[in-house]
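K.L.:
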Amino acid sequence: MPKIFPFLHGCYYTLTSVWPLLHLDSFLNVTGGKTDIWLVRTVSIALLPYGLLSFYIAFSKRKSPIVALTCALCCFGLALVDAFYYMAGVIKWVYLIDAAIQMIFLLYWINYMFNYIHKTDKRIT
């Protein structure tokens, strides 16, 4: 059985990454017009590995704090970009929803790392 949050994170990143690659028009209708379509596609492709890393954690029995840290940093970065560019009036409000989702996943990954550290500390002492 997969761990639910990493599984949902993997689904979210995979779906939102593949969406503009498969149907750009509907993506632009929801997220707003873009001037650099090549950048939309580049970001989509760049986010796919993070979805795969989340799936790895979801289905693996091994704990991987480095994967968790990588996913946490990605969530933090995307939430920061979403909030900054919304406040600057560059992107639509829908990106605030994405920022909130990123923060939920960020909290999960932080918790995952602290639990890993706590369990590792118990084994050492």
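Per numbering that gives the first Met the number 0: the sequence shown = residues 0 to 124. Every residue, glycine too, gets a C-beta built ideally from N, C-alpha and C.
(1) Closer than 8 Å is the cut-off here; do at least three beta carbon pairs connect the region 35-46 with the region 0-11?
(2) Measure from the alpha carbon of F54 to the alpha carbon of each residue in G31, I3 and K118, then state which is nearest.
(3) Out of curiosity, what's the CA-to-CA distance linking Q101 and D24?
(4) Once the 5 residues before and after F104 are set aside, which same chain residues still bring their CB inside 6 Å of it?
(5) Hey, would you say A82 sits closer than 7 Å to A98, going by beta carbons?
(6) Cα separation between M112 and P64?
(7) Work out the CA separation of I56 and G76 for me, nearest whole Å.
(8) So, is I116 buried or exposed, given that buried needs 16 or more other C-beta atoms within 10 angstroms?
P.N.:
By the coordinates alone:
(1) no
(2) Along the sequence shown, one-based indexing puts residue 54 at 55. Selected option, being the one with the closest Cα: I3.
(3) Taking the first residue of the sequence shown as 1, we reach residue 101 at position 102. Taking the first residue of the sequence shown as 1, we reach residue 24 at position 25. Here the alpha carbon of Q101 sits roughly 24 Å from the alpha carbon of D24.
(4) As a working note, residue 104 is residue 105 in the sequence shown. Within the same chain, F104 has close Cβ partners H8 and C74.
(5) Position 83 of the sequence shown holds residue 82. Position 99 of the sequence shown holds residue 98. Yes; because the gap between Cβ atoms is below 7 Å, this pair is in contact.
(6) Locating residue 112 in the sequence shown gives position 113, where the first residue counts as 1. Locating residue 64 in the sequence shown gives position 65, where the first residue counts as 1. Distance between the alpha carbons of M112 and P64: 6 Å.
(7) Counted from its first residue, the sequence shown places residue 76 at position 77. Counted from its first residue, the sequence shown places residue 56 at position 57. Approximately 20 Å, taken between the alpha carbons.
(8) Mapped onto the sequence shown, residue 116 falls at position 117. So I116 ends up on the exposed side.
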